[in-house]
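Before any comments, here is the structure.
Numbering (our numbering), first residue to last: 117 to 409.
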């Protein structure tokens, strides 16, 4: 899929706040997507590259994105910052500046594909060490130089973590279950697959590959945390008891860290309740798990 096609879907999503309309737009998007790219489209739509437990994030500050824009447009960084203060969206600033640029040599430029953009962003996210900032700017400016103005808007938004689409993970679950599940009842199967995998990408990929059977094949796996069931907030103890049928049991809640610990022989992984890998923060827990479990 060309990235410009994905951008058209993003514009449709951005133009509505109605969940059912968003679901229908996403259904059409996933219907058109190829199997090798559908998981990446799901991640990008949520403003990420991977599920949280993988621990790879773009983490690009606006200053770095502005530097990349300067290299592509030739506009001074202070002027870009002035435009940002005026417009409030660096993505729109990028679109405006690239639209105004009259001397772009794009006659022989190949259209960007979704995989082109994803792979470049993935490369940026993985760069570290000496010279990392300069290397990131170089890759980003090269990507923006290939992009059309509307494409640049969403590339910048992806970089800075401000997609503004209003799409949540459960909206994607609604869309793929409606598209690939065959009935409303199948939604529970899709949601369960997401809950035990914490990976929206694997759910949409398996749905595209093999429909409901593919989603049902998703199982718990070591190294891939399950999503925890979180408590629902209510306004008073009276309301809580009413919800429980008039009787309930309570206990003191101690402050601390909720951990999900995965053990494969001597390999230990610890995940937070947000499915982030926090193993390195607790070497004492790792050692205790190795020696006692």
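The beta carbon of each residue, even a glycine, is placed where N, CA and C say it ideally should be.
Here residue 118 carries a strand assignment [DSSP, helix/strand/coil]. Secondary structure at residue 398: coil, using DSSP grouped into helix, strand and coil. DSSP places residue 380 inside the beta strand (DSSP E), whose first and last residues are 376-380. Going by DSSP, residue 383 is part of no alpha helix (DSSP H) but of the beta strand (DSSP E) stretching over 383-387. Around the Cβ of residue 138, a 10 Å sphere holds 16 or more other Cβ atoms; the residue is buried. A residue is called buried once 16 or more other Cβ atoms fall within 10 Å of its Cβ, and residue 368, having fewer, is exposed.
Closest in alpha carbon position to residue 233, among 349, 380, 121, is 121. Partner residues in the beta bridge of residue 340, as assigned by DSSP, are 337. Secondary structure note for residue 327: its alpha helix (DSSP H) is the uninterrupted segment 316-332. If you draw a straight line from the Cα of residue 276 to the Cα of residue 316, it comes to about 21 Å.
Nearest to residue 148 by C-alpha distance, out of 379, 321, 243, is 321. Secondary structure of residue 229 (DSSP, three-state): strand. Bridge pairing for residue 251: absent [DSSP].
Annotated as distal: residue 177 and residue 260, with beta-carbon spacing of 8 Å or more.
About 7 Å separates the CB atoms of residue 328 and residue 296; that is less than 8 Å, so the two are in contact. By the CB criterion at 8 Å, residue 125 and residue 145 fall inside the cutoff.
In the assembly as shown, residue 290 is a buried residue. Its beta-carbon has 16 or more other beta-carbons within 10 Å. Contact fails between the region 192-206 and the region 152-168, because fewer than three Cβ pairs, one in each stretch, are under 8 Å apart.
Comparing alpha carbon positions, the residue from 380, 374, 379 closest to residue 388 is 374. Setting aside the 5 residues that flank it on each side, residue 117 is surrounded in the same chain by 148, 149, 150, 153, 157, 229, 230, each with a C-beta closer than 8 Å to its C-beta; the list follows chain order. In terms of Cα proximity to residue 338, the closest of 205, 370, 169, 132 is 169. Within the same chain, 377, 379, 384 come within 7 Å of residue 405 by CB-CB distance, once the 5 residues on both sides are set aside. Of the other Cβ atoms in all chains shown, 16 or more fall within 10 Å of the Cβ of residue 391; this residue is therefore buried.
Scanning its chain for C-beta atoms nearer than 7 Å, with the 5 sequence neighbours on each side dropped, one finds around residue 292 the residues 146, 306, 319, 320, 323, in chain order. Out of 180, 136, 143, 128, the CA that lies nearest to the CA of residue 250 is found in 180.
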